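Reading through the structure tokens given below for one structure.
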Amino acid sequence: MRSRNPVFSRRGFSRDNGYAGFNTAPQAGGPAVATQGNPYAQPTGDQYAQNPYAQNPYAQQDLQHGAPPQAPATTGRMTIDDVVLRTASTLGVLIVTAALSWALLPVDDANISRSYGIGIGAALIGMVLAFVQSFKRKASPALILTYAAFEGVFLGVISNIVDNRIADGAAMQAVIGTMAVFAGVLIAYKAGWIRVNRRFYGFVMAAALGFILLMTVNLLFAVFGGGDGLGFRSGALGVVFGVIGIILGACFLALDFKQVEDGVAYGAPREEAWLAAFGLTLTLVWIYLEFLRLLSILNSSD
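Reading the sequence shown from the start, the letters are residues 1 to 302 in the UniProt record's numbering.
Quick look at the structure:
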């Protein structure tokens, strides 16, 4: 199973096109079978030759004499604290640059075109950086933080425009809404109210594919036909699709939580905490933008 986030679906905590989360239950046949779905498994004996993540903690004489294996060392493995720290760092850079762009790029009549152009340029650069990181074999903290900086510039400009020219107070409401969705999904996930399995994944991905296709068609009609396209981003339909977008973002958060949890449980290398931070940031930005769009539609229909 894979998350929508390209950082998770491209590499993240999966390997050989598989997802570890569905192979966690012990099976008959011993440890070798039980670790088949674990890309970070610590096998015993000659299995070490086939696992690039394994660091054999056993002495050769112990293997020869059949001594019981010792618990594998956990040094250098990812922990929840690592994920929290790196996610906080990534979001911190994003928030700081968003605040600076809000303050330094005015959106009054005389400056809105320039500020909007800078914001769109920053968004395009951030998109390129996100794709570059998504296809890299290893996490690059500098690249991830640079992406966060440019994404923050875009969010600061677009939030300022919506807040000052469309819906007063929308930015803070979108922030609160995003935080509420994050907290709600986390609580529901930890409480077991959300069960992330193949059925859940299939439903979310099918819904996401349909959503993206509809939004693409709507955009094409808007570009070539003018107006609001098919109306999926305005009026009553816009509200409905805005809510659907937020719900999809919440579902992707659950997928991300599952993959982070499995990465920690399977002993992923510590540097992959940056990938977790990057993926979670992508999802949170998605949810925030959907809230901002929804609030804009609601305000314009008043």
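Glycine included, each C-beta is placed from N, C-alpha and C at the ideal position. In this text, all values refer to a predicted model and were calculated from it rather than measured experimentally.
Does I118 come within less than 8 Å of chain B when only Cβ atoms are used?
Absence of chain B from the displayed structure is noted, only one protein chain being present.
Kindly indicate which residue of T90, I246, L124 has the alpha-carbon position closest to the one of E290.
I246
Going along the chain, which residues of its own chain have a beta-carbon closer than 6 Å to the beta-carbon of Q47, five neighbours each way excluded?
Low local confidence applies: a pLDDT of 43 at Q47 is under 50, so the model's placement there is unreliable, with the coordinate-based value given in what follows. Nothing meets the Cβ criterion.
Is DSSP giving R77 helix, strand or coil here?
strand
Rounding to the nearest angstrom, what Cα-Cα distance links N164 and V107 in this structure?
So the two alpha carbons sit approximately 8 Å from each other.
Span of the alpha helix (DSSP H) holding A110?
Premise fails: A110 is in no alpha helix (DSSP H) and is neither H nor E.
Which whole-angstrom value is the C-beta distance of L185 and A250, which I expect to be below 8 Å?
Leu is not the amino acid found at residue 185; the sequence shown has Val there. That pair is a contact at about 5 Å.
In whole angstroms, give me the CA-to-CA distance for I120 and V285.
15 Å
Leaving out the 5 sequence neighbours to the left and right, which residues in its chain are closer than 6 Å to S159 when beta-carbon positions are compared?
A171
Under 8 Å Cβ to Cβ from N17, same chain only, skipping five residues before and after it: list those, please.
Residue placement at N17 cannot be trusted, given a pLDDT of 36 that sits under 50; what the coordinates show is reported in the next sentence. Excluding residues within five positions, none has a Cβ falling inside 8 Å.
Does the segment 140–153 touch the segment 111–128, meaning 3 or more C-beta pairs lie closer than 8 Å?
yes
P269 - partner residues in DSSP beta bridges
R77
Report the rounded CA-to-CA distance for I212 versus L292, giving the unit in angstroms.
18 Å
Just tell me which of A148, N111, I118 has its CA closest to the CA of L129.
A148
Between the segment 218–225 and the segment 259–278, do at least 3 Cβ pairs fall closer than 8 Å?
no
If you count every other CB in all the chains shown that lies within 10 Å of the CB of M205, and 16 or more means buried, which is it?
Its Cβ being crowded by 16 or more others within 10 Å, M205 is buried.
Verify whether the separation of the beta carbon atoms of V157 and S101 is less than 8 Å.
Cβ atoms of V157 and S101: closer than 8 Å.
Host alpha helix (DSSP H) of S234 (start-end)
Careful: S234 lies outside any alpha helix (DSSP H) and carries neither H nor E.
Neighbourhood of V295 by C-beta, 8 Å cutoff - its chain only, sequence neighbours within 5 removed:
The identity of residue 295 in the sequence shown is Leu, whereas the question assumes Val. Hits under 8 Å: V162, A167, A170, Q173, A174.
Could you pull the start and end residues of the alpha helix (DSSP H) that L183 belongs to?
As written in the sequence, residue 183 is Ala, which differs from the Leu given in the question. Run containing A183: 170–191, per the alpha helix (DSSP H) assignment.
Helix, strand or coil for S140, going by three-state DSSP, please let me know.
coil
Could you check whether Y288 and T178 sit closer than 8 Å to each other, using their CB atoms as the reference points?
yes
Do L248 and A191 have their beta-carbon atoms positioned less than 8 Å apart in this structure?
no
Separation of V181 from K258, as counted between CA atoms:
16 Å
Please report the distance separating the alpha-carbon of G117 from that of M215.
Cα to Cα, G117 sits roughly 23 Å from M215.
DSSP state of L230, grouped into three classes?
coil
Whose CA, out of N299, V264, S300, lies closest to the CA of residue 310?
Because the chain here runs from 1 to 302, residue 310 falls outside it and cannot be looked at.
Is the beta carbon of F224 closer than 8 Å to that of F232?
Here F232 is not near F224, since their CB atoms are 8 Å or more apart.
Output needed for K138: all residues of its chain with C-beta closer than 6 Å, excluding positions within five of it in sequence on either side, in chain order.
none
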